[in-house]
Amino acid sequence: KLVKNLHDEL
Amino acid sequence: NIFRISGDVAHLVSIIILIHSVETKKSAKGISLKTQLLYALVFITRYLSLLKLEFGSVYNTLMKLFFLGSTFYSIFIIKKYTREITQYVDDFKIGYLVAPCFVAALVFNYKFTVIEIAWSFSLWLEAVAILPQLFVLQSQGQGDLLTVHYIFALGLYRAFYIPNWVYRYFTEERLDIISVAAGVLQTLVYSDFFYVYYNKVFKNSLKLPA
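Chains as they are written, first to last, in our numbering: chain A, 1 to 10; chain B, 1001 to 1210.
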């Protein structure tokens, strides 16, 4: 559940 | 959050130092073209989502365009003052960096899609992209102060992202294992440099008046 990509970062 | 902003500001500052340094000295001496080429590859692969025209936020989009543009510009001006480049060694075999990063991206990704693999690739490559620059610095013995500040600011950027990830884990329950692993690796790559930087800049500035 916690493994989510953070494509909103640079 | 504050860590994320600090990291982004450090990133901005680093590229401004680099371009300012090359422009004013009209020389790219001590700057690794290969590191800049790797960064261009990092930004191209990481910001592929720009092509999907999915703009998460104005801030992100502008920053992505800035990092892409400024990296290409830095390559352009380094090439412009390229005569000096032949005077020192920038012969790091970047294939040895790119290939393992590609393998890592194939192994560690959230979905087997072009965007996800490119994203993972960019994270791993960014972690090691500074190595040719550190290599040049070492072969020169004494690095130019601006170059050293540039590397420091660049290292600070990813280091700031680590508390940002801890913060986001607790506030948003979001955790990107690949980002964290690559980010920690990147900070470790820089750690030796941070130590040298600390000794050089902070200790020297304390005993300035002779």
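Note that CB positions come from ideal geometry on N, CA and C, so glycine has one too.
CB-CB length for residue i against residue j, believed under 8 angstroms
i: residue 1014 of chain B; j: residue 1195 of chain B; result: The Cβ separation is near 19 angstroms, so there is no contact.
i: residue 1033 of chain B; j: residue 1075 of chain B; result: 7 angstroms
i: residue 1136 of chain B; j: residue 1030 of chain B; result: 6 angstroms
i: residue 1127 of chain B; j: residue 1185 of chain B; result: 5 angstroms
i: residue 1187 of chain B; j: residue 1159 of chain B; result: 5 angstroms
i: residue 1028 of chain B; j: residue 1078 of chain B; result: 4 angstroms
Residues near residue i by beta carbon distance below 7 angstroms, same chain, minus five either side
i: residue 1149 of chain B; result: 1017
i: residue 1210 of chain B; result: Per-residue confidence for residue 1210 of chain B stands at a pLDDT of 49, beneath the threshold of 50, marking its modelled position as unreliable; no derived number is given.
i: residue 1070 of chain B; result: 1015, 1019
i: residue 1121 of chain B; result: 1045, 1101, 1102, 1105
i: residue 1 of chain A; result: Here the model assigns residue 1 of chain A a pLDDT of 49, short of 50, so the residue's position is not dependable, and the following value carries that caveat. Here the set comprises nothing.
Helix, strand or coil at residue i [DSSP, three-state]
i: residue 1041 of chain B; result: helix
i: residue 10 of chain A; result: coil
i: residue 1016 of chain B; result: helix
i: residue 1005 of chain B; result: helix
i: residue 1154 of chain B; result: helix
i: residue 1175 of chain B; result: strand
i: residue 1053 of chain B; result: coil
i: residue 1031 of chain B; result: coil
i: residue 1026 of chain B; result: coil
Assigned exposure category for residue i - 16 Cβ within 10 Å defines buried
i: residue 1147 of chain B; result: buried
i: residue 1041 of chain B; result: buried
i: residue 1145 of chain B; result: exposed
i: residue 1112 of chain B; result: exposed
Close-in-space but distant-in-sequence residues of the same chain around residue i (CB under 8 angstroms, 5 per side omitted)
i: residue 1098 of chain B; result: 1038, 1041, 1125
For this session: May I have a chain-ordered list of the alpha helix (DSSP H) segments no shorter than 4 residues that lie completely inside the stretch 1079-1152 of chain B?
Result: 1095-1107, 1114-1128, 1131-1140
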